[in-house]
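Read the structure below first, then the notes.
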Amino acid sequence: MGINRITRHDKKKHKFPVLGHSSRPHPLRLFPSIIIHVYYVSLLAQLRYKKLTVDLKRIALDRFLAQCSKYYARNMKKLNFKIFAHKTYAPILELTNSKDTDLPYPLSYEYFNTAPIGMPRTGMLNMYALGVHLREVYDEYLGDVYTCETMKMQTAEYPLSMLSGQLVNAGLWPPAKIQQWSVDLNWQPIPTDYTLAREDTLLLGAQCPSFILEMEKVLNMVQVRERLTHYSSLFDHISRSTGIKVQRPSEVALLYAVLETKADLNQSLPHWAEDIFPDGGMYNVSLLEYDLLWETPLQKQLNGGTILKEILANVLMYIDGQIPKERKLMIYSGNERNIVGVLKGLNLWSPHIPNEAASVIFEMYFDNETESYGVKINYYTGVDGITIPLKMPNCTEICPIKTFLYSILDMLPQNAERLCNWRKINLSDKPHNHLLTGQ
Numbered sequence: 001m002g003i004n005r006i007t008r009h010d011k012k013k014h015k016f017p018v019l020g021h022s023s024r025p026h027p028l029r030l031f032p033s034i035i036i037h038v039y040y041v042s043l044l045a046q047l048r049y050k051k052l053t054v055d056l057k058r059i060a061l062d063r064f065l066a067q068c069s070k071y072y073a074r075n076m077k078k079l080n081f082k083i084f085a086h087k088t089y090a091p092i093l094e095l096t097n098s099k100d101t102d103l104p105y106p107l108s109y110e111y112f113n114t115a116p117i118g119m120p121r122t123g124m125l126n127m128y129a130l131g132v133h134l135r136e137v138y139d140e141y142l143g144d145v146y147t148c149e150t151m152k153m154q155t156a157e158y159p160l161s162m163l164s165g166q167l168v169n170a171g172l173w174p175p176a177k178i179q180q181w182s183v184d185l186n187w188q189p190i191p192t193d194y195t196l197a198r199e200d201t202l203l204l205g206a207q208c209p210s211f212i213l214e215m216e217k218v219l220n221m222v223q224v225r226e227r228l229t230h231y232s233s234l235f236d237h238i239s240r241s242t243g244i245k246v247q248r249p250s251e252v253a254l255l256y257a258v259l260e261t262k263a264d265l266n267q268s269l270p271h272w273a274e275d276i277f278p279d280g281g282m283y284n285v286s287l288l289e290y291d292l293l294w295e296t297p298l299q300k301q302l303n304g305g306t307i308l309k310e311i312l313a314n315v316l317m318y319i320d321g322q323i324p325k326e327r328k329l330m331i332y333s334g335n336e337r338n339i340v341g342v343l344k345g346l347n348l349w350s351p352h353i354p355n356e357a358a359s360v361i362f363e364m365y366f367d368n369e370t371e372s373y374g375v376k377i378n379y380y381t382g383v384d385g386i387t388i389p390l391k392m393p394n395c396t397e398i399c400p401i402k403t404f405l406y407s408i409l410d411m412l413p414q415n416a417e418r419l420c421n422w423r424k425i426n427l428s429d430k431p432h433n434h435l436l437t438g439q
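Residue numbers for the sequence shown follow this note's numbering, so the first one is 1 and each next one is one higher.
Structure follows, in structure tokens:
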């Protein structure tokens, strides 16, 4: 029996333009890596040289990829990357132990992430269904037996990210016959990795001190203040109705998450939200919040750029043999802001609120006819169950790796940890203006 995807509540689904369904891609081929090791080392050395211009860096990439195509024309297999989003749930214990009219406070992502939290049954089933979907799509490619070489999953330190990762793994990796350990439980433990929240620039870049400081600057930009004036009546309406002074788009976006959580818990929704939720003013301000997260170079590099750099680095290391040849899948348990940042970074964003289990999927290919690498990008809409092939500007559906690299090169952070500013640094150095030096 298949797993039914459960929508959040009876409302209009968030729309994303449907471009068609993806077909199962052809297999790739694997080859030895020693031949171009010297080119790989040379490439990294050139990319890390501070005074090297972007044009010279691109020449270095051209030479490296040319050697890859020349010597690695046989037996290449694909490596897939998947970034999925769990839903931003309001603190459930606080909602279930209070009156229906009560709302959690403060309205901050840090509080929502760190407060004691659970996941509604609908959310658990949706995340589990995502794992089942991956098993259906990649069953032959992955094989039945899980090994730590085959797949790696990274979560954030926060409970929702960890719970979501476990649920996806449960659907993706039911134990093969040789791995079954209980006749009553069709499940096996799968390890995941995480980085401490105060060191996580990959999935939690939007919580970096420098990012928060940058957001204050964005909110004080003249053009942003003008945009916010269009929603002043909405802010006033919510503030009067809730008793919570709402002034920021992020607060409206978190209130939107509160109302969705209440709906998932079958709690009644407040009357003041009838004309502004799930569509209307609160939806529009939530979309505005996504735009404000991506206004400056620093924001782009910490919210999207770090993930794209992670994918690029792993592609290069896989080609060079530094990642096990058995590795087939790398998964990142993120949130909707990660999805938005990656899609914006690829110039593939279409305004919508990502559904639970929404995912951006990167599939790396080697084309034996053209002897070149390429990346195919799919967007999985989550609970809607639709896979949409995405095509980057000036690319075919399988984007040549050089075009892919050039498209994202300028938003890759030089040093994400330094840029994040957990430790005191001199922001006048503008480290986000440098690329890939590793210093």
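C-beta: ideal position from N, C-alpha, C; glycine also. Because the structure is a prediction, the values reported are computed rather than measured.
Contact check for Met282 against Tyr256 passes: the beta carbons are separated by less than 7 angstroms. Counting along the chain, the unbroken alpha helix (DSSP H) around Thr403 starts and ends at 401-408.
Counting along the chain, the unbroken beta strand (DSSP E) around Leu329 starts and ends at 329-335. Burial check for Pro189: the Cβ neighbour count within 10 Å stays below 16, so the residue is exposed. Following the DSSP letters along the chain, one finds Ser372 inside the beta strand (DSSP E) bounded by residues 372-380. Under the Cβ criterion (8 angstroms, minimum of three pairs), the region 267-276 does not count as touching the region 122-139. Rounded to whole angstroms, the Cβ separation of Tyr406 and Leu390 is 17 angstroms, and the two are not in contact under 8 angstroms.
The three-state reading of DSSP puts Asn368 in coil, since its state is none of H, G, I, E or B.
With contacts defined as CB atoms closer than 7 angstroms, Tyr194 and Trp173 fail to qualify as a contacting pair. CA-to-CA, the gap between Glu110 and Ile178 works out to about 42 angstroms. Taking all protein chains in view, the Cβ of Arg337 is crowded by 16 or more other Cβ atoms within 10 Å, so the residue is classified as buried. Judged by DSSP in its simplified three-state form, Asp384 adopts helix. If you draw a straight line from the Cα of Tyr373 to the Cα of Pro278, it comes to about 43 angstroms. Taking 7 angstroms as the cut-off, the beta carbon of Lys325 is found no closer than this to the beta carbon of Leu142. For the region 90-166, the continuous alpha helix (DSSP H) assignments of 4+ residues that do not extend past its boundaries occur at 92-96, 109-114, 121-142, in sequence order. Going by C-alpha positions, Ile238 is about 16 angstroms away from Ser108. The Cβ-Cβ distance between Glu363 and Gly382 does not fall below 7 angstroms. Note on Leu419: 16 or more other CB atoms within 10 angstroms of its CB, so buried under the neighbour-count rule.
Per DSSP, the beta-bridge partners of Pro389 are Asn378. Assignment of Lys82 by DSSP, reduced to helix, strand and coil, places it in the strand class.
With a beta-carbon spacing of about 22 angstroms, Thr201 and Ala358 fall beyond the 8 angstroms limit used to define contacts. In terms of CA proximity to Gly334, Asn303 leads the group Ile401, Asn303, Ala170.
Within the region 257-341, the complete beta strand (DSSP E) runs of at least 3 residues fall at 329-335.
The residue among Leu412, Asp102, Leu167, Cys208 with its C-alpha nearest the C-alpha of Leu312 is Leu412. If you look at Lys87, you'll find it isn't in any alpha helix (DSSP H); DSSP assigns it neither H nor E. In this structure, Met317 sits away from Leu346, with a CB-CB distance that is not shorter than 7 angstroms.
Using a 10 angstroms sphere on the CB of Trp294, the tally of other CB atoms reaches 16 or more, which defines it as buried. Here the alpha carbon of Asp144 sits roughly 12 angstroms from the alpha carbon of Gly171. Per DSSP, reduced to three states, the secondary structure at Val183 is coil, with no helix or strand assignment. For Thr242, the enclosing alpha helix (DSSP H) stretches over residues 232-242. For the pair Thr261 and Ala90, the CB atoms are nearer than the 7 angstroms cut-off. According to the DSSP assignment, Val218 belongs to the alpha helix (DSSP H) that extends over 209-219. Membership of Gln223 in the alpha helix (DSSP H) is indicated by the continuous run 222-229. For Ile190, DSSP records no beta bridge to any residue.
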